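From first to last, the protein sequence lines stand for chains A and C.
Just remember that the numbering used here sits 994 ahead of the position in the first sequence, which is counted from 1.
Just remember that the numbering used here sits 994 ahead of the position in the second sequence, which is counted from 1.
Beta carbons: idealized from backbone N, C-alpha and C, even for Gly.
Treat the numbers as computed from the prediction; the structure is a model and nothing was measured.
Here the structure is laid out as structure tokens; the discussion comes afterwards.
Number of protein chains: 2
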Amino acid sequence: MTGTAARAETILSLDEVLDTPCLIVDEEIMRRNIAEMAAFASSVGVALRPHIKTHKTPQIARLQLAAGAVGATCAKIGEAEVMVEQGGVEDVLLAYPTVGEPKIRRLLALMERARVVVALDSREAAEALSRAMAAEDRVLDVYVEVNTGQDRAGARAGEEATGLALDLARLPGLRVVGVMTHEGQANAASPEQIEATALAAGRALVETAEAVRAGGADVSAVSVGSTPAATYTPTVPGVTEMRPGTYVFNDNTAFRYGRLGPNDCALRILATVVSRPAPDRAVIDAGSKTLAMDRSLAHPGHGYVVGHPQAEIARLSEEHGVVLLPEGEDRESFRVGDRVEIIPNHVCPTVNLQDQLFLVRDGRLADVWDVAARGKVR
Amino acid sequence: MTGTAARAETILSLDEVLDTPCLIVDEEIMRRNIAEMAAFASSVGVALRPHIKTHKTPQIARLQLAAGAVGATCAKIGEAEVMVEQGGVEDVLLAYPTVGEPKIRRLLALMERARVVVALDSREAAEALSRAMAAEDRVLDVYVEVNTGQDRAGARAGEEATGLALDLARLPGLRVVGVMTHEGQANAASPEQIEATALAAGRALVETAEAVRAGGADVSAVSVGSTPAATYTPTVPGVTEMRPGTYVFNDNTAFRYGRLGPNDCALRILATVVSRPAPDRAVIDAGSKTLAMDRSLAHPGHGYVVGHPQAEIARLSEEHGVVLLPEGEDRESFRVGDRVEIIPNHVCPTVNLQDQLFLVRDGRLADVWDVAARGKVR
Chain A
995 MTGTAARAET ILSLDEVLDT PCLIVDEEIM RRNIAEMAAF ASSVGVALRP HIKTHKTPQI
1055 ARLQLAAGAV GATCAKIGEA EVMVEQGGVE DVLLAYPTVG EPKIRRLLAL MERARVVVAL
1115 DSREAAEALS RAMAAEDRVL DVYVEVNTGQ DRAGARAGEE ATGLALDLAR LPGLRVVGVM
1175 THEGQANAAS PEQIEATALA AGRALVETAE AVRAGGADVS AVSVGSTPAA TYTPTVPGVT
1235 EMRPGTYVFN DNTAFRYGRL GPNDCALRIL ATVVSRPAPD RAVIDAGSKT LAMDRSLAHP
1295 GHGYVVGHPQ AEIARLSEEH GVVLLPEGED RESFRVGDRV EIIPNHVCPT VNLQDQLFLV
1355 RDGRLADVWD VAARGKVR
Chain C
995 MTGTAARAET ILSLDEVLDT PCLIVDEEIM RRNIAEMAAF ASSVGVALRP HIKTHKTPQI
1055 ARLQLAAGAV GATCAKIGEA EVMVEQGGVE DVLLAYPTVG EPKIRRLLAL MERARVVVAL
1115 DSREAAEALS RAMAAEDRVL DVYVEVNTGQ DRAGARAGEE ATGLALDLAR LPGLRVVGVM
1175 THEGQANAAS PEQIEATALA AGRALVETAE AVRAGGADVS AVSVGSTPAA TYTPTVPGVT
1235 EMRPGTYVFN DNTAFRYGRL GPNDCALRIL ATVVSRPAPD RAVIDAGSKT LAMDRSLAHP
1295 GHGYVVGHPQ AEIARLSEEH GVVLLPEGED RESFRVGDRV EIIPNHVCPT VNLQDQLFLV
1355 RDGRLADVWD VAARGKVR
């Protein structure tokens, strides 16, 4: 169905009996990605605590732990519950404020089964947790979330974050053990800008940690996030931990840094051409319900059709991906019934839309894994 | 937490014990929406075959049937299986080409349990189905999908679609019983443009049906889709069936037509403020993993915060909704721990992201329904 050059980049023999759309994962590429990030973390002397939001799959968390990860990062407590119960995770960072009684009750239960650290950026959330912990004579480890420029959550690096950390350190039932940032602002720039932004974020975080220590709180962890910045931020002296997520699969967004290409992308959407209403237009059975709507700065459209870089997934509705086929594209590869592999723009939301991952080894289906932490919004 | 004017528009007492983010559905508004569309279909003399992609919930399909729907429309066979098995649906249109052996096998099984009609727009897909049906001495009812201007799937209205329909009518095992269109092109315009576009689409479809009949194939069904156009297309003489979906809940996108407002929107995302890093910025626990990324022409940002029309959900990451609070907005309603109701831009993908709907009656939790057809991508 595809030419020789295309086939070299695809990961599945396309006549495999899998119904579409589905997510296929090349085990070899994934294991290489996991090993390389672990080696990098080790080489710069920081702990690796991968964010599981990318895969949401216990089996993959186990591979990351086996490669040397110190634990996992989760956003929601429902994700953490799955990773502790099924993924062998014994040390989990909830990189998200825990707010409200239902979540606090679940947090207390989870603390019976694993070490849990919670990120906080407000006195209000901290005081509620403090009361709950003190009432049960428990102590919760806390990272203070620091805004180093993303302007999403977090107290501003410097005086504001330092003051917050020192206030939280005085609350009963809480132990402030670290500071963290998500330097997502490094995600939308040239490689040079990524480097400069990431390094500045790392330095701001380290300076904040030093100010907190000078104030009397012993914060040992200085934790940074984000795969795009992962090459840079962890190299800042004083950073102790990194939390990349996307690296396990990589995606279309990673292409633009130039270091990565399709053969570094472990996860593909396998899709079928279901309609070919015009010579320059095909419809595939992967729409926004499968590809998600995130855009990429690296490639126009809603994903990269492996082996067909000129094909543009120009429009999505929920079940339809409209693929434009310019002159010069191999239009004969898009007949009704033909299959294509697509690298998503942003792999994390794509995984969240599926119940299963199909593991491929040597071009053949090797295993089916439940995306056990999918849809854990709470 | 919210002022009096805001509370009038909210559907849940906000101190209810529900963890967030979650989807709450006001039963009264939903039932009114269902009844009004049924009455409209009846008043213009067309059959109502609602698209279940909006709710994906068997209990709601049953309400639609009880109100007079002739059956259901689904996109994927997995959705149809759920609706037939759990939703009491006995007559289902798969408004999507069935391509590939695994789906054909499931289609044959489903035909044992319900009347099934499949939409087709290519000879390739039709020939494969024809072979499968003829081999088992079965006959499959088919609608021919007609492109009346959306340029997604479908054979072009007129000669192309007529030729296709007549070719398909000659295939053994297939019975061409109708033509259908999805006039989605009427979705992005002013009310006047919606009307003109919808009426033109309806007329083009009816003319195609007449040409098919003149060619000798007895197509009785002339079926139109899309909630935005629902007021107009079904009024075209010769149209026999309508397939709206979104009307059951309505969403932010519907506001722009002027006929609908927040009190017509049955589904809300209940979310909690988890961070308040700056006076003009709050972070809620509903990000793209809950709100989805679809844009609305009716309202800036990623959803409408009920009672706070000036608050803009300006940026989403997966778990963070960044809400900008301009001067003049009631900033005291966005303290950490406060809850808000959000009407999504596009309700269908929002529902697909959740496992459950929380039914609210008179401001109180009345039931919890599984979104049983969620994630049925195949």
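DSSP, reduced to helix, strand and coil, places proline 1271/C within a strand of the structure shown. Counting C-beta pairs closer than 8 Å gives fewer than three between the region 1293-1310 of chain A and the region 1354-1367 of chain A, which falls short of the contact rule. Within the model, the alpha-carbon separation for alanine 1060/C versus histidine 1049/C is close to 16 Å. For the pair arginine 1372/A and histidine 1340/A, the Cα-to-Cα distance works out to about 22 Å. For methionine 1077/A, no Cβ of chain C is located within less than 7 Å of the residue's own Cβ. Taking a Cβ-Cβ cut-off of 7 Å, alanine 1061/A has no neighbours in chain C, whose nearest Cβ is about 24 Å from it. With 16 or more neighbouring CB atoms inside 10 Å of its own CB, glycine 1196/A falls in the buried class.
Cβ contact annotation for aspartate 1288/C (same chain, cutoff 7 Å, sequence separation greater than five): Asn1339, His1340 and Pro1343, in chain order.
Secondary structure of valine 1300/A (DSSP, three-state): coil.
Distance from the Cα of glutamate 1121/C is smallest, within the candidate group Leu1042/C, Ala1280/C, Ala1163/C and Arg1309/C, for Ala1163/C. With fewer than 16 neighbouring CB atoms inside 10 Å of its own CB, valine 1362/A falls in the exposed class. Interface flag for methionine 1127/A against chain C is unset, since no Cβ pair is found closer than 7 Å. If you keep only unbroken alpha helix (DSSP H) runs of at least 4 residues inside the region 1133-1200 of chain C, you get 1153-1163. By the criterion of a C-beta distance shorter than 6 Å, valine 1110/A is surrounded in its chain by Val1086 and Leu1104, once the five residues flanking it on both sides are discounted. In terms of beta-carbon proximity, aspartate 1013/A lines the interface with chain C, with at least one pair separated by less than 7 Å. For arginine 1125/A, the enclosing alpha helix (DSSP H) has its first and last residue at 1117-1129. In terms of CA proximity to serine 1269/C, His1314/C leads the group His1314/C, Ala1155/C, Arg1132/C and Ala1055/C. Residue state for glutamine 1058/A is assigned as helix, using DSSP reduced to three classes. Within 8 Å of the CB of lysine 1050/A, no CB atom of chain C is found; the nearest one sits about 11 Å away.
In this structure, the alpha-carbon of alanine 1029/A lies about 26 Å from that of threonine 1191/A. With its beta carbon less than 7 Å from one in chain C, glutamate 1118/A belongs to the interface.
Within chain A, the residues placing a beta-carbon under 8 Å from that of glutamate 1312/C are Lys1047, Ala1069, Cys1342, Pro1343 and Asn1346, ordered along the chain. In the DSSP assignment, serine 1217/A falls outside any alpha helix (DSSP H) and within the unbroken beta strand (DSSP E) covering 1215-1219. Taking one beta carbon from each stretch, the region 1038-1048 of chain A and the region 1061-1077 of chain A have 3 or more pairs nearer than 8 Å; the two touch. Per DSSP, the unbroken alpha helix (DSSP H) holding phenylalanine 1034/A starts and ends at 1021-1038. With its beta carbon at least 7 Å from every one in chain A, serine 1037/C lies outside the interface.
At least 7 Å separates the beta-carbon of alanine 1155/A from that of alanine 1147/A. Non-local beta-carbon contacts of tyrosine 1241/A in its own chain, meaning distances under 7 Å to residues more than five positions away in sequence, involve Asn1027, Met1031, Thr1221 and Ala1224 in chain order. Secondary structure of alanine 1103/A (DSSP, three-state): helix.
A straight line joining the alpha-carbon of alanine 1272/C with that of serine 1116/A spans about 11 Å. If the five residues before and after lysine 1370/C are omitted, its C-beta is found closer than 6 Å to the C-beta atoms of Lys1070, Gly1072 and Glu1073, all from its own chain and listed in chain order. Secondary structure note for glutamate 1073/C: its alpha helix (DSSP H) is the uninterrupted segment 1071-1080. For proline 1091/A, the residues of chain C that pass the 8 Å Cβ criterion are Val1268, Ser1269 and Val1330, in the order they occur in the chain.
With contacts defined by Cβ atoms closer than 7 Å, glycine 1232/A and valine 1206/A do not form a contacting pair.
Assignment of threonine 1092/A by DSSP, reduced to helix, strand and coil, places it in the coil class. By the rule that beta-carbons nearer than 7 Å mark a contact, arginine 1237/A does not touch chain C.
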